[in-house]
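Heads up: the structure comes next, in structure tokens.
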Amino acid sequence: MPNSEVHQSIATALSTQGWCVIENYFPAPLIEHLAAEVLALHKHQALRPAGIGRGQQLQQDRNIRQDCIHWLDGSSLAQQQYLTAMTTLKHALNQELYLGLDELEAHFAIYAPGAFYQKHLDSFQGAANRILSVVSYLNLDWPEDAGGNLSIYAQDEVLTQVKPEAGKLVVFLSEEIPHAVQPATLQRLSIAGWFRRRSNGL
Ligand code: OGA
Ligand code: MN
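Position 72 of the sequence shown, counting from 1, maps to 72 under the numbering used here, and the rest follow consecutively.
In structure tokens form, the structure reads like this:
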């Protein structure tokens, strides 16, 4: 698992540019277990279209995002290990950046071939309290030309294209970094998570 130097460099990147990508953040066996788990959940029809609404609402959501999701509940060893790794990251970043990160909510996501998520922010200033986004990929042996990049933007300019490769962790400020999921030729597996801000008790 990553050491304090890695966490230090994540903190530096977040404070200077608001996002960062770390390769091989998670050990391969953990990624394999998480991938097997989301595929088993999918097989048992335990994933649901994301951003689900009724009638017109659902239709509109399909124009924006097309992934199917399942919220993590810590019910498997692999999920617990993922959640423990995120807790370690949270403590390190709280110490470095005083973000006051508190609870994590996270879901598995499967994008079918061709599915996308249009450019968006994960949180709007003053509205929800999602502070930091963490996205992990579960795609072993992702081919060079399979698409499915995570595009990270500054306004209209694409800053980087992140291939959704197993073991990678992408971290960014939820209120500040616009991003999009490009369609892929293959089924694309990920875990997206958000740290909420500690409530001030009022
Ligand atoms: C999200 C999201 C990115 C990805 O779920 O909000 O932006 O690469 N996911 O899966
Ligand atoms: Mn997002």
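Ideal Cβ positions, reconstructed from N, Cα and C, are used throughout, including at glycine.
None of the values given here were measured: they were computed from a predicted structure.
N- and C-terminal bounds of the beta strand (DSSP E) containing H120: Numbered from 1 along the sequence shown, position 120 holds the residue referred to as residue 120. DSSP places H120 inside the beta strand (DSSP E), whose first and last residues are Y117 to H120.
DSSP beta-bridge partners of R48: Here residue 48 corresponds to residue number 48 of the sequence shown, with the count starting at 1. The partner list for R48 (beta bridge, DSSP) reads I69.
8 Å contact criterion, which A46 and R65 should meet: CB distance rounded: On the sequence shown, residue 46 is found 46 positions in, with the first residue counted as 1. On the sequence shown, residue 65 is found 65 positions in, with the first residue counted as 1. Rounded to the nearest angstrom, the Cβ distance from A46 to R65 is 19 Å, too far for a contact under 8 Å.
First and last residue of the uninterrupted alpha helix (DSSP H) at A180: In the sequence shown, counting from the first residue as 1, residue 180 sits at position 180. A180: not part of any alpha helix (DSSP H); member of the beta strand (DSSP E) spanning H179 to V181, first to last residue.
Beta-carbon proximity check, L173 vs L14, cutoff 8 Å: For the purposes of this step, residue 173 is identified with residue 173 of the sequence shown, where counting begins at 1. For the purposes of this step, residue 14 is identified with residue 14 of the sequence shown, where counting begins at 1. Yes. Within cutoff.
Whole-angstrom distance between H179 and H44, CA atom to CA atom: Locating residue 44 in the sequence shown gives position 44, where the first residue counts as 1. Locating residue 179 in the sequence shown gives position 179, where the first residue counts as 1. Cα to Cα, the separation comes out at about 30 Å.
By C-beta, the residues closer than 5 Å to any heavy atom of ligand 1, given in chain order: Cβ atoms closer than 5 Å to ligand 1 belong to V135, L150, V181, S190 and A192.
For Q8, the three-state DSSP class (helix, strand or coil): Locating residue 8 in the sequence shown gives position 8, where the first residue counts as 1. Q8 falls in the helix class under three-state DSSP.
Any 3 or more C-beta pairs closer than 8 Å across the region 180 to 189 and the region 132 to 148: Yes: the two stretches touch, three or more of their Cβ pairs being nearer than 8 Å.
Pick from G167, P2 and Q118 that is closest to N63, judged by C-alpha positions: Residue numbering aside, residue 63 sits at position 63 when the sequence shown is read from its first letter. With distances taken between Cα atoms, N63 lies closest to Q118.
H107 CB to nearest heavy atom of ligand 2 below 7 Å: Here the question's residue 107 lines up with position 107 in the sequence shown. No, since every heavy atom of ligand 2 falls outside the 7 Å radius drawn around the Cβ of H107.
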